[in-house]
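Numbering (our numbering), first residue to last: 7 to 278.
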């Protein structure tokens with residue numbers, strides 16, 4: 007598995023210097039399957055840099071990208087208009103998302119409508135396909151499945167399995183009042199990595215963030231233990247949290263679940 011984080015922030019990008027070590031781009035990650043062949047999860051602002059890299063590596067070769075969207079909140083799609091392969095006639099970009107693919111196409115086309123963006127989606131020259139996500143093998147030997155999450159307007163977690171490794175991304179979810187989300191725990195059971203929503207500290211959550219659709223590092227450690235995952239990876243950081251804040255969150259999480267990492271832009275998982 008050749009997985010890499012391209013954006014780890016939630017809500018909106020953070021260019022501030024004191025947030026630069028973990029990174030300020032919003033949610034995006036990639037699984038490289040081979041030369042010019044990628045599965046990408048979410049299209050936050052981190053997608054722009056990934057697109058530039060794909061184009062640079064591809065040269066004159068064909069490009070294939072399967073983009074899996076968890077939902078359509080802005081922090082998960084803002085990078086889409088700036089994804090360089092969309093503007094290449096050598097690229098095939100297939101967008102998979104929950105629900106009617108016509109709604110997916112409409113949402114992304116709206117983001118690139120003339121009032122907001124100078125190049126409309128219909129004018130981009132890549133071959134584009136829009137599909138309702140279905141469990142299976144979107145590309146190569148990777149098996150992908152999804153699980154509904156507790157989030158306003160809905161969201162899903164994805165599980166990617168390939169080469170004997172498994173990774174679950176649950177970036178936007180709210181934990182239950184007590185215990186853990188049993189459905190998500192079953193979905194993540196035994197995964198090598200669980201990437202989890204660490205938007206709030208427990209104190210922030212209790213001080214007025216209930217019902218906002220996000221979780222805490224503490225809930226993440228409980229879920230990781232219940233699901234018996236190999237490593238918990240905290241992500242989707244609060245834009246108000248500085249690098250020092252995330253350092254403290256990571257330290258606290260490791261006291262509860264020692265095998266915890268904090269995602270950074272460029273962090274790779276499963277690379278040999």
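Ideal placement from N, C-alpha and C gives every residue a C-beta, glycine not left out.
Is residue i helix, strand or coil when you go by DSSP?
| i | result |
| --- | --- |
| residue 252 | helix |
| residue 183 | coil |
| residue 164 | strand |
| residue 237 | strand |
| residue 268 | strand |
| residue 38 | strand |
| residue 27 | coil |
| residue 68 | coil |
| residue 2 | The structure shown does not extend to residue 2, since the chain is modelled only from 7 through 278, so no value can be given for it. |
Identify which residue in the options has its Cα closest to the Cα of residue i.
| i | options | result |
| --- | --- | --- |
| residue 180 | 165, 250, 155 and 168 | 155 |
| residue 148 | 135, 132, 131 and 173 | 173 |
| residue 102 | 134, 15 and 275 | 134 |
| residue 200 | 132, 142 and 231 | 231 |
| residue 325 | 84, 130, 57 and 16 | Here the chain has residues from 7 to 278 only, and residue 325 is not among them. |
| residue 53 | 37, 153 and 211 | 37 |
| residue 71 | 276, 98 and 273 | 98 |
| residue 39 | 168, 61 and 82 | 168 |
| residue 184 | 60, 263, 104 and 228 | 228 |
| residue 62 | 42, 226 and 74 | 42 |
| residue 261 | 74, 226 and 80 | 226 |
| residue 189 | 163, 213 and 212 | 163 |
| residue 89 | 46, 105 and 66 | 46 |
| residue 304 | 22, 215 and 237 | Absent from the model: residue 304. The displayed extent of the chain is 7 to 278, so no value can be given. |
| residue 211 | 10, 244, 66 and 104 | 244 |
| residue 265 | 29, 256 and 175 | 256 |
| residue 259 | 192, 195 and 206 | 206 |
| residue 5 | 246, 17 and 44 | Any property of residue 5 remains undetermined from this structure, which presents the chain solely from 7 to 278. |
| residue 93 | 182, 192 and 124 | 124 |
| residue 191 | 17, 275, 153 and 216 | 153 |
Short of 8 Å in beta carbon distance, which residues of its chain neighbour residue i, apart from the five on each side in sequence? Order them along the chain.
| i | result |
| --- | --- |
| residue 2 | The requested residue 2 is not part of the displayed model; the chain covers only 7 to 278. |
| residue 128 | 115 |
| residue 24 | 248, 249 and 250 |
| residue 49 | 34, 73, 75, 82, 83, 84, 85, 86 and 89 |
Counting only the same chain and skipping the five closest in sequence on each side, list residues whose C-beta sits under 7 Å from that of residue i.
| i | result |
| --- | --- |
| residue 178 | 76, 77, 155, 157, 161, 203, 219, 220 and 242 |
| residue 51 | 13, 19, 31, 32, 84 and 85 |
| residue 136 | 101, 107, 110 and 111 |
| residue 208 | 222 and 224 |
| residue 91 | 57, 60, 61, 69, 71, 97, 99 and 132 |
| residue 277 | 8 |
| residue 55 | 12 |
For the beta strand (DSSP E) containing residue i, name the first residue and the last one.
| i | result |
| --- | --- |
| residue 10 | 9 to 13 |
| residue 151 | 148 to 155 |
| residue 273 | Taken as a continuous stretch (DSSP letters only), residue 273 belongs to no beta strand (DSSP E), as it is neither H nor E. |
| residue 43 | 43 to 47 |
| residue 176 | 171 to 176 |
Which same chain residues end up closer than 6 Å to residue i when comparing Cβ atoms and leaving out the 5 residues on each side of it in sequence?
| i | result |
| --- | --- |
| residue 27 | 249 |
| residue 151 | 141 and 165 |
| residue 95 | 131 |
| residue 239 | 199, 201, 267 and 269 |
| residue 67 | 42 |
| residue 4 | In the structure as shown, the chain begins at 7 and stops at 278. Residue 4 is therefore absent and cannot be evaluated. |
Does any C-beta atom of chain B lie closer than 8 Å to the C-beta of residue i?
| i | result |
| --- | --- |
| residue 113 | Protein chains in the displayed structure number just one, and chain B is not present. |
Counting only runs of 4+ residues fully inside the segment 74 to 146, write out the alpha helix (DSSP H) ranges in chain order.
107 to 117
Hey, which unbroken runs of the beta strand (DSSP E) at 3 residues or more fall wholly within the segment 195 to 226?
199 to 203
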